[in-house]
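Novice: When you read off a place in the sequence shown, starting at 1, and then add 137, the result is the number in our numbering.
The C-beta atom is built at its ideal place from N, Cα and C for all residues, glycine as well.
There's a structure below that I have some questions on.
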Amino acid sequence: MMHDVIIAGGSYAGMAAALQLLRAHKTVLVIDAGERRNRFADLSHGFLGQDGVAAAEIASTARKQLMAYPTLTWVEGRAIGISGEKDDFKVTTAEGQAHHGRRVLLATGVADQLPDIAGLAERWGKSVHHCPYCHGYELDRGKIGVIGTGPMSIHQAEIVSEWGDVTFFLNGAVELDAEARRRLEDRKVRIEPALISRIEGSAEVVLADARRLVFAGLFTAPHCTPASPIAERAGCALEETLIGIQIKTDEAKRTSIAGIFACGDVARAPHSVTLAVADGAWAGAQIHRSLIWPEQ
Numbered sequence: 138m139m140h141d142v143i144i145a146g147g148s149y150a151g152m153a154a155a156l157q158l159l160r161a162h163k164t165v166l167v168i169d170a171g172e173r174r175n176r177f178a179d180l181s182h183g184f185l186g187q188d189g190v191a192a193a194e195i196a197s198t199a200r201k202q203l204m205a206y207p208t209l210t211w212v213e214g215r216a217i218g219i220s221g222e223k224d225d226f227k228v229t230t231a232e233g234q235a236h237h238g239r240r241v242l243l244a245t246g247v248a249d250q251l252p253d254i255a256g257l258a259e260r261w262g263k264s265v266h267h268c269p270y271c272h273g274y275e276l277d278r279g280k281i282g283v284i285g286t287g288p289m290s291i292h293q294a295e296i297v298s299e300w301g302d303v304t305f306f307l308n309g310a311v312e313l314d315a316e317a318r319r320r321l322e323d324r325k326v327r328i329e330p331a332l333i334s335r336i337e338g339s340a341e342v343v344l345a346d347a348r349r350l351v352f353a354g355l356f357t358a359p360h361c362t363p364a365s366p367i368a369e370r371a372g373c374a375l376e377e378t379l380i381g382i383q384i385k386t387d388e389a390k391r392t393s394i395a396g397i398f399a400c401g402d403v404a405r406a407p408h409s410v411t412l413a414v415a416d417g418a419w420a421g422a423q424i425h426r427s428l429i430w431p432e433q
């Protein structure tokens, strides 16, 4: 079967794109491995109409709504390769399947490269976060730790100070010039130069000098990379951003390969569920336009 569009990745951005296309009576195949980026978080916040709803519930409800459209095919699997050209692509999966489509949308999301600190990964999405707009309010203006990973962490510490009393851990990953130090001090951010040994409890930071600091929550800015190598394998151009590597797209969400589009966290920054859904909806509409006017 030749699908109008094959979408690699069935999380928020991919499903938002699928919805636009299905409502335009297009045949859509979604290939999804079931690994939402926010699968580590219990609740989702900051998403209009779904504030405080379980992240898994939002995704499940969206999928059920999509399944009501007769032109949708959903495959549980992992897309690993793209060959062919516009109007005649073949997408292969790790499970050995081959699917054909006129257009391909990459909504595979990103992988978070977290600081190598004992106990941090286990608390990711629970008491360690990256987005204060998503998780800052629930900390009730308490004590917050920001763990440095690079220059962007300075910006993160400044912003997070809106949500509580911030201690910024340089942790050997951030160097402060006089201007950066002044900006942090103006925001009343405490600067902690000691290295972090581990994280215990809910959000207790144990330092190399044995001090233990207790927080309501922690934030860190991970380096992001595409969760799947499929775009690079297909020859799509990538680009470096302040928070990591993403697929390069134009204003219509087209990649450097004609007929292949990308959206969501893997193709834009910054990241949130709201922005991923908006980006996916835009990508879906642009793909539909490309099917009407293929010369564009």
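1. Does the stretch 285-292 come within contact of the stretch 187-205, defined as at least 3 CB pairs closer than 8 Å?
2. From the DSSP output, in three-state form, read off residue 363 for me.
3. Sort 213, 215 and 237 by Cα distance to residue 222 and report the nearest one.
4. For residue 298, collect the residues of the same chain with a Cβ closer than 7 Å to its Cβ; drop the 5 residues on either side in sequence, then sort them by chain order.
5. Considering Cα atoms alone, identify which of 157, 366 and 301 is closest to residue 202.
6. Does the Cβ of residue 179 have 16 or more other Cβ atoms within 10 Å, making it buried, or fewer, making it exposed?
7. For residue 149, which residues in the same chain have their Cβ closer than 6 Å to its Cβ, ignoring the five residues on either side in sequence?
8. Assuming the contact rule is C-beta atoms closer than 8 Å, residue 301 and residue 281 should be a hit. Round their C-beta distance to whole Å, please.
9. Kindly indicate the opening and closing residues of the beta strand (DSSP E) around residue 204.
10. Tell me whether the beta-carbon of residue 167 lies closer than 8 Å to the beta-carbon of residue 228.
11. Check each candidate in 204, 182 and 294 and name the one with the smallest Cα separation from residue 152.
12. For residue 395 versus residue 384, is the C-beta distance shorter than 8 Å?
13. By alpha-carbon positions, which one of 399, 359, 182 and 351 ends up nearest to residue 272?
14. Short of 7 Å in beta carbon distance, which residues of its chain neighbour residue 391, apart from the five on each side in sequence? Order them along the chain.
15. Report buried or exposed for residue 144, applying the criterion of at least 16 other Cβ atoms within 10 angstroms of its Cβ.
16. Would DSSP call residue 336 helix, strand or coil?
17. Taking 6 Å as the limit between beta carbons, can you name the residues of its chain near residue 184, skipping five residues before and five after?
18. Can the beta-carbon of residue 418 be found closer than 8 Å to that of residue 154?
19. I'd like the ranges of any alpha helix (DSSP H) spanning at least 4 consecutive residues and lying wholly in the stretch 219-289.
Specialist: Well, looking at it:
1. no
2. strand
3. 237
4. If we look at residue 298 and ignore the five residues flanking it on each side, its Cβ neighbours are 324, 325 and 326.
5. 157
6. Label assigned to residue 179: exposed.
7. 410, 413 and 414
8. With a Cβ gap of about 4 Å, residue 301 and residue 281 count as contacting.
9. Looking at the DSSP string, residue 204 is not in any beta strand (DSSP E); the run it does join, the alpha helix (DSSP H), is 192-204.
10. In this structure, residue 228 does not lie closer than 8 Å to residue 167 by Cβ.
11. 204
12. no
13. 182
14. 398
15. Residue 144 is buried by the Cβ-count criterion.
16. strand
17. 410 and 411
18. Yes.
19. Counting only runs of at least 4 residues, the stretch 219-289 fully encloses the following alpha helix (DSSP H) elements, listed from N- to C-terminal order: 269-272.
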